[in-house]
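Q:
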Amino acid sequence: MSFLWAFLVALFAVPSIIYIAHLKNMLDTPNVRTVHESLTPRLGGVAVFAGFMSALTIFADLGNGIQQLLAGCIVLFFVGLKDDLVSISVSKKFVGQLLATGIVMIMADVRLTSFQGILGIQELPVGISYAVTFLAIVGITNAINLIDGLDGLAGTIVLTIVSTLGYYFVRYGGPSFSNYVFVSVCLMGGIIGFLRYNFHRATIFMGDTGSLVCGFIVSVLTIQFIEMGLKVGQPFGSSAPSVAAGILFVPLFDTLRVFIVRMMAGRSPFSPDKNHVHHRILAMGFQQISTVVLLALLNLVVILFVINFAYLGNTILIGCLVGFSIVLSVFLGVYRSRSAEQRVAS
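Under the numbering used here, the first residue of the sequence shown carries the number 8, and numbering increases by one thereafter.
1) Just checking my contact of Val-55 with Gly-244 at CB under 8 Å: how many whole Å lie between their CB atoms?
2) On the DSSP bridge assignment, give the partners of Leu-142 in chain order.
3) Check whether the stretch 169-182 and the stretch 255-272 touch, using three or more Cβ-Cβ pairs below 8 Å as the test.
4) Counting Cβ pairs, one atom from each stretch, are 3 or more of them under 8 Å apart for the stretch 154-161 and the stretch 95-110?
5) In its own chain, which residues sit with a C-beta less than 6 Å from the C-beta of Asn-71, not counting the 5 before and 5 after it?
6) So is Thr-36 buried or exposed if we call it buried at 16+ other beta carbons inside 10 Å?
7) Can you name, in chain order, every residue of its own chain whose Cβ lies under 8 Å from the Cβ of Phe-293, other than the five neighbours on each side?
8) Pull up the DSSP beta-bridge partners for Leu-48, would you.
9) What ranges does the alpha helix (DSSP H) occupy inside the stretch 228-256, keeping only unbroken runs of at least 4 residues that lie completely in it?
10) Should Ile-325 and His-207 be called a contact, given that it needs their Cβ atoms to be closer than 8 Å?
11) In whole angstroms, give me the CA-to-CA distance for Ile-323 and Glu-130.
12) Using a threshold of 8 Å, state whether the C-beta atoms of Gly-52 and Gly-217 are closer than that.
13) Using a Cβ-Cβ cut-off of 8 Å (strictly less than) and excluding sequence neighbours within five positions of Thr-298, which residues of its own chain qualify?
14) Counting C-beta neighbours from all protein chains within 10 Å, is the total for Thr-64 16 or more, i.e. buried, or is it exposed?
15) Less than 8 Å separating the beta-carbons of Asn-321 and Ser-226?
16) Under a three-way DSSP split, which group does Ser-121 fall into?
17) Run the CB neighbour count on Val-6, radius 10 Å, all protein chains shown included, and call it buried at 16 or more, exposed below.
18) Run the CB neighbour count on Val-334, radius 10 Å, all protein chains shown included, and call it buried at 16 or more, exposed below.
19) If you measure between the beta carbons of Asp-91 and Gly-214, is that distance less than 8 Å?
20) Excluding sequence positions up to five away, which residues of its chain have a Cβ less than 6 Å from the Cβ of Leu-106?
21) Could I get the ranges of all uninterrupted alpha helix (DSSP H) runs contained in the stretch 141-172, with 4 residues as the minimum, in chain order?
22) Report back the beta-carbon spacing between Phe-232 and Tyr-318 to the nearest angstrom; my notes put them in contact at under 8 Å.
23) By Cβ distance below 6 Å, which residues in the same chain neighbour Ile-144 in space, the five residues on each side in sequence not counted?
24) For Leu-50 versus Gly-200, is the C-beta spacing smaller than 8 Å?
25) Run the CB neighbour count on Ser-98, radius 10 Å, all protein chains shown included, and call it buried at 16 or more, exposed below.
26) Classify Val-341 as buried or exposed, calling it buried when 16 or more other Cβ atoms lie within 10 Å of its own Cβ.
27) Buried or exposed, going by whether 16 or more other CB atoms sit within 10 Å of the CB of Tyr-26?
28) Can you give me the C-alpha to C-alpha distance between Phe-84 and Ala-78, rounded to a whole angstrom?
29) Just to check my reading of the structure: Ile-151 and Gly-87 have Cβ atoms closer than 8 Å, yes? What is that Cβ distance to the nearest angstrom?
30) If we call anything under 8 Å between Cβ atoms a contact, is Arg-118 one with Ile-230?
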């Protein structure tokens with residue numbers, strides 16, 4: 008029922024949002040960094056948030072940190088909405104993320120309490136725990152925000168991640184984590200209702216309103232998934248951190264890659280460009296839809312890998328992910344160089 012509610016609210020809200028956006032000229036103008044070629048509304052996150060928020064408050068138990076999660080979502084919703092309408096500075100976005108993160112960390116005690124053997128570290132001191140949790144939430148939130156560069160891409164990746172995490176909350180959540188199933192299901196409903204209008208050629212974009220909220224929800228679900236492995240002992244025990252990294256592979260890989268490439272070029276890691284993984288795949292000649300499908304399949308393959316080889320432990324799994332990331336990065340870089348040479352030659 009919660010899934011159906013979120014789906015229908017988002018599905019029926021999007022046409023009204025599109026109409027109002029065109030009526031009030033609240034449209035995203037194409038530029039050198041974008042792929043789309045026409046004026047398009049970027050307020051799709053309003054529909055996702057409306058479906059998610061209404062379904063969750065009606066059907067879910069708001070204990071175990073869910074109430075604080077909703078409060079953080081509201082903060083980021085208005086931060087993203089303002090950015091979609093009038094644009095705001097990176098520092099103001101960061102303040103909003105700091106406030107939302109503080110709400111769930113301090114008021115709900117949602118945090119990473121252990122490295123579970125990574126680098127030989129087990130339980131974290133409280134101060135380090137808060138710092139690591141803050142970096143994780145802000146990092147994942149912005150990773151989802153940065154992957155939102157093609158029609159349907161962010162929504163498809165978020166749907167893949169959330170459905171995977173939701174499945175394990177259903178199976179192993181128990182009294183402490185089972186209500187996070189509602190968070191997963193409600194977000195899935197909102198995303199699917201929105202994707203009806205967001206696949207190529209999209210009539211509406213998710214915008215920061217949606218990507219910040221979705222990224223924040225994904226980050227909290229990921230932290231709770233890791234803590235579930237520690238406290239419940241299921242489904243992956245101490246391997247939960249590396250499995251979580253695999254589930255989030257595409258957005259994490261894309262963010263780390265572009266940051267490293269920018270810094271190696273002597274630029275700020277936050278300077279915008281067209282060097283994201285989806286831009287590189289488009290340069291190979293793929294269309295938008297096939298690029299989205301390819302990245303979704305890539306994420307799914309990595310998810311299946313870390314799930315089936317979780318018994319290897321954190322060190323080996325993380326080593327495999329890093330090794331695969333390096334190989335993929337080299338491939339994308341080499342292909343870019345060759346294609347550039349071909350254009351110069353022609």
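We put the beta carbon where it would ideally sit given N, CA and C, even for glycine.
Computed from a prediction, not measured in an experiment: that's the story for all the values here.
A: In brief:
1) Contact flag wrong, Cβ pair sits at about 33 Å.
2) Answer by DSSP bridge pairing: none, since Leu-142 is not bridged.
3) Counting Cβ pairs under 8 Å, fewer than three are found: no touch.
4) no
5) Asn-186
6) exposed
7) Closer than 8 Å at Cβ, skipping near neighbours: Leu-301.
8) Looking at the sequence itself, residue 48 is Pro, so the reference to Leu does not match. Paired residue(s): Leu-34.
9) 247-254
10) no
11) Cα to Cα, the separation comes out at about 20 Å.
12) Cβ atoms of Gly-52 and Gly-217: closer than 8 Å.
13) Leu-157, Leu-160, His-285, Ile-288 and Leu-289
14) exposed
15) no
16) strand
17) Within the shown structure, residues of the chain are numbered from 8 to 353, placing residue 6 beyond reach of any answer.
18) exposed
19) Going by C-beta atoms, Asp-91 is nearer than 8 Å to Gly-214.
20) Val-82
21) none
22) Contact flag wrong, Cβ pair sits at about 18 Å.
23) Thr-108 and Ser-226
24) no
25) exposed
26) Flag for Val-341 reads exposed.
27) Tyr-26 is exposed by the Cβ-count criterion.
28) The straight-line gap from Cα to Cα measures roughly 10 Å.
29) That pair is no contact at about 12 Å.
30) yes
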